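Line order of the protein sequences matches chains A and B. For the first sequence, position 194 (counting from the first letter as 1) is numbered 194 according to our numbering, and the numbering increases by one without interruption. With the second sequence counted from 1, adding 310 to any position gets you our numbering. Virtual Cβ for every residue (Gly too), placed ideally from N, Cα, C. If you're wondering where the values come from, they're calculated on a predicted model, not measured in any experiment. As structure tokens, the structure follows; a few thoughts come after it.
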Amino acid sequence: MTTLKAVACYLPDKRMPVEDVAGQLELTAMQVRLFRRYLGMSEIRLDLGGTPLDLLSAATARLGALRGLEHLVRYVLYARALPVVVPYPVNPVRDLCRSFGLDHAVSFTVSHQACASGLLAVDIAGRLLAEDGDPDALALVVTGEKAFTRDAQLVPGMSIFGEAAAACLVGSDGPADRVISYAVNVRGEFDGRLDEAPEMASRFEKEYPTSMAEAMTTAADQAGVSLGELSLILPHNVNALFWQRLCRRIGFPVGRVLLDNVPVAGHAFCADPFINYVTAMERGLLRSGDRYLIAAAGVGATFAAMVVEH
Amino acid sequence: MEQETAPQLSDTGLRQRALDAIAAVLPRVLAREGLVIAPEMKLMSDLGMRSASMLELLLELEDHLDIEIDVEDIDAAAMTSVGDLADYVAGHAITNA
Numbered sequence: 001m002t003t004l005k006a007v008a009c010y011l012p013d014k015r016m017p018v019e020d021v022a023g024q025l026e027l028t029a030m031q032v033r034l035f036r037r038y039l040g041m042s043e044i045r046l047d048l049g050g051t052p053l054d055l056l057s058a059a060t061a062r063l064g065a066l067r068g069l070e071h072l073v074r075y076v077l078y079a080r081a082l083p084v085v086v087p088y089p090v091n092p093v094r095d096l097c098r099s100f101g102l103d104h105a106v107s108f109t110v111s112h113q114a115c116a117s118g119l120l121a122v123d124i125a126g127r128l129l130a131e132d133g134d135p136d137a138l139a140l141v142v143t144g145e146k147a148f149t150r151d152a153q154l155v156p157g158m159s160i161f162g163e164a165a166a167a168c169l170v171g172s173d174g175p176a177d178r179v180i181s182y183a184v185n186v187r188g189e190f191d192g193r194l195d196e197a198p199e200m201a202s203r204f205e206k207e208y209p210t211s212m213a214e215a216m217t218t219a220a221d222q223a224g225v226s227l228g229e230l231s232l233i234l235p236h237n238v239n240a241l242f243w244q245r246l247c248r249r250i251g252f253p254v255g256r257v258l259l260d261n262v263p264v265a266g267h268a269f270c271a272d273p274f275i276n277y278v279t280a281m282e283r284g285l286l287r288s289g290d291r292y293l294i295a296a297a298g299v300g301a302t303f304a305a306m307v308v309e310h
Numbered sequence: 311m312e313q314e315t316a317p318q319l320s321d322t323g324l325r326q327r328a329l330d331a332i333a334a335v336l337p338r339v340l341a342r343e344g345l346v347i348a349p350e351m352k353l354m355s356d357l358g359m360r361s362a363s364m365l366e367l368l369l370e371l372e373d374h375l376d377i378e379i380d381v382e383d384i385d386a387a388a389m390t391s392v393g394d395l396a397d398y399v400a401g402h403a404i405t406n407a
């Protein structure tokens, strides 16, 4: 049984109002208003001058549960949305391992499900640990990316990406949040540049909520719960309006979807659900035995959902 | 938490004003000045609109009509024509009372 033993996150201090990134993103004044008023995005965080390693290190340094257990970490997985983030031969995940006493661990990157790769990495980590056979063995999933080009920072009319990072210690046993199910709905027909294929973009837009709902329903079914029985949904922060509309469609109370970070952090690639988990813990929103759902979607397109018992 | 329901206006007068406003602002939103807008025109297939441009249009209509529009239950796929959009505006205008 895959378990989430501890989660930490890092949000850079630098807050950038949407108006301040409008120029570089070539947003009109009306598009800025659209993000603020309808999509619920007011600002993003940026780690100005920082590197991907800085982001990953900041999150991992906050993962207190890792201290003293480094020798038990067998795998380090870097989950990210973008396939290329640094020039060769820079390797932030190996540098991270060296910095945190994890040089012995097998490390690799998971990227082909874009912003849904974080959940895939947790699933892979759990399966590797299950094969490993040592109930004390651990895996570290890290995520955090630079919003370093316009393409990396904007899905027009849908989302603005910011910089943040998360670190999640995954185990296979013991007291922790237990992953009960994981469902993934891969829609490869949506691979490509949405801004260059309007017909595909239109179909993607139409099928996005349906595909997300299907993954969530499948994960809930596999976990043996109805969506209504879930205490909380920890979403990806694509925008607030998407979740408000999806909730109406599936009859789930939007008040039980943690959207508080959308206006203040934007969409931080694969890190959103982990950041939202930390917020949920800080606010005491989960009680022992509660079942909650983590949801994420990635362009390309992948829709993923995971039901977890706290 | 209970969400307060905003008072909404729904009247044929507002629908006609919405149609007039759409005809006035849509050519500019589409960057197709001179385009004559008719209620039966299809937003996506005839005019090439998508959700994002639809939301931009609603913001323009808010300014033009001096109202706020609740977009939470907007369904771009079901709202096919200019007339449908005017119906939506008339049914989802929020007063500030």
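Give me the Cα-Cα distance between residue i and residue j, rounded to the nearest whole angstrom.
i, j, result
"residue 19 of chain A", "residue 32 of chain A", "6 Å"
"residue 252 of chain A", "residue 227 of chain A", "7 Å"
"residue 10 of chain A", "residue 333 of chain B", "48 Å"
"residue 394 of chain B", "residue 329 of chain B", "10 Å"
"residue 338 of chain B", "residue 84 of chain A", "39 Å"
"residue 120 of chain A", "residue 113 of chain A", "8 Å"
"residue 312 of chain B", "residue 257 of chain A", "Bear in mind that the predicted position of residue 312 of chain B carries a pLDDT of just 41, short of 50, making it unreliable; the figure below should be weighed with that in mind. Computed Cα separation, rounded: 15 Å."
"residue 142 of chain A", "residue 397 of chain B", "48 Å"
"residue 300 of chain A", "residue 211 of chain A", "13 Å"
"residue 132 of chain A", "residue 125 of chain A", "10 Å"
"residue 203 of chain A", "residue 382 of chain B", "20 Å"
"residue 51 of chain A", "residue 390 of chain B", "46 Å"
"residue 310 of chain A", "residue 80 of chain A", "25 Å"
"residue 224 of chain A", "residue 183 of chain A", "13 Å"
"residue 219 of chain A", "residue 323 of chain B", "47 Å"
"residue 355 of chain B", "residue 274 of chain A", "40 Å"
"residue 15 of chain A", "residue 264 of chain A", "8 Å"
"residue 199 of chain A", "residue 384 of chain B", "21 Å"
"residue 357 of chain B", "residue 373 of chain B", "22 Å"
"residue 101 of chain A", "residue 282 of chain A", "28 Å"
"residue 27 of chain A", "residue 99 of chain A", "39 Å"
"residue 67 of chain A", "residue 135 of chain A", "18 Å"
"residue 315 of chain B", "residue 105 of chain A", "Caution applies to residue 315 of chain B, whose pLDDT of 42 falls short of 50 and renders its modelled position unreliable; the value that the coordinates give is listed next. Answer to the nearest angstrom: the Cα atoms are 54 Å apart."
What in chain A is Cβ-close to residue i, meaning under 8 Å?
i, result
"residue 360 of chain B", "157, 198, 201, 202, 205"
"residue 423 of chain B", "What is shown of chain B runs 311 to 407, which leaves residue 423 of chain B out entirely."
"residue 351 of chain B", "Going along chain A, no residue has its Cβ under 8 Å from residue 351 of chain B, so there is no contact; the nearest lies around 17 Å."
List, in order along the chain, the chain B residues whose C-beta lies closer than 9 Å to that of residue i?
i, result
"residue 241 of chain A", "365, 381, 382, 384"
"residue 245 of chain A", "381, 382, 383, 384, 385"
Taking the CB atoms as reference points, tell me whether residue i and residue j lie closer together than 8 Å.
i, j, result
"residue 30 of chain A", "residue 370 of chain B", "yes"
"residue 116 of chain A", "residue 271 of chain A", "no"
"residue 129 of chain A", "residue 181 of chain A", "no"
"residue 214 of chain A", "residue 261 of chain A", "no"
"residue 145 of chain A", "residue 82 of chain A", "yes"
"residue 6 of chain A", "residue 58 of chain A", "no"
"residue 230 of chain A", "residue 287 of chain A", "no"
"residue 62 of chain A", "residue 8 of chain A", "yes"
"residue 399 of chain B", "residue 379 of chain B", "yes"
"residue 233 of chain A", "residue 293 of chain A", "yes"
"residue 122 of chain A", "residue 170 of chain A", "yes"
"residue 53 of chain A", "residue 95 of chain A", "yes"
"residue 139 of chain A", "residue 55 of chain A", "no"
"residue 285 of chain A", "residue 168 of chain A", "no"
"residue 216 of chain A", "residue 305 of chain A", "yes"
"residue 111 of chain A", "residue 238 of chain A", "no"
"residue 137 of chain A", "residue 74 of chain A", "yes"
"residue 367 of chain B", "residue 346 of chain B", "no"
"residue 108 of chain A", "residue 77 of chain A", "yes"
Anything in chain B within Cβ reach of residue i, meaning under 8 Å, just list it in chain order.
i, result
"residue 248 of chain A", "382, 383"
Measure the beta-carbon distance from residue i to residue j and round it to whole angstroms, keeping in mind my assumption that it falls under 8 Å.
i, j, result
"residue 179 of chain A", "residue 308 of chain A", "5 Å"
"residue 40 of chain A", "residue 161 of chain A", "In fact, because the Cβ distance is near 15 Å, the residues do not count as touching under 8 Å."
"residue 361 of chain B", "residue 331 of chain B", "Residue 361 of chain B to residue 331 of chain B, Cβ: 20 Å. No contact."
"residue 34 of chain A", "residue 188 of chain A", "With a Cβ gap of about 29 Å, residue 34 of chain A and residue 188 of chain A do not count as contacting."
"residue 375 of chain B", "residue 327 of chain B", "6 Å"
"residue 235 of chain A", "residue 295 of chain A", "5 Å"
"residue 377 of chain B", "residue 403 of chain B", "4 Å"
"residue 194 of chain A", "residue 38 of chain A", "Wrong, their Cβ atoms sit about 19 Å apart, outside the cutoff."
"residue 359 of chain B", "residue 353 of chain B", "5 Å"
Please compile the residues from chain A whose C-beta is within a distance smaller than 9 Å of the C-beta of residue i.
i, result
"residue 354 of chain B", "202"
Just checking residue i against the ligand NAD - is the residue's beta carbon closer than 7 Å to any of the ligand's heavy atoms?
i, result
"residue 150 of chain A", "In the structure shown, the ligand NAD is absent, as is every other ligand, since no ligand is present at all."
Inset, instruction - Count the CB pairs spanning the region 43 to 58 of chain A and the region 243 to 258 of chain A that are closer than 8 Å, and state whether there are at least three. - result: no
Inset, instruction - Would you check if the region 86 to 103 of chain A and the region 150 to 157 of chain A touch, i.e. whether three or more CB-CB distances between them fall below 8 Å? - result: no
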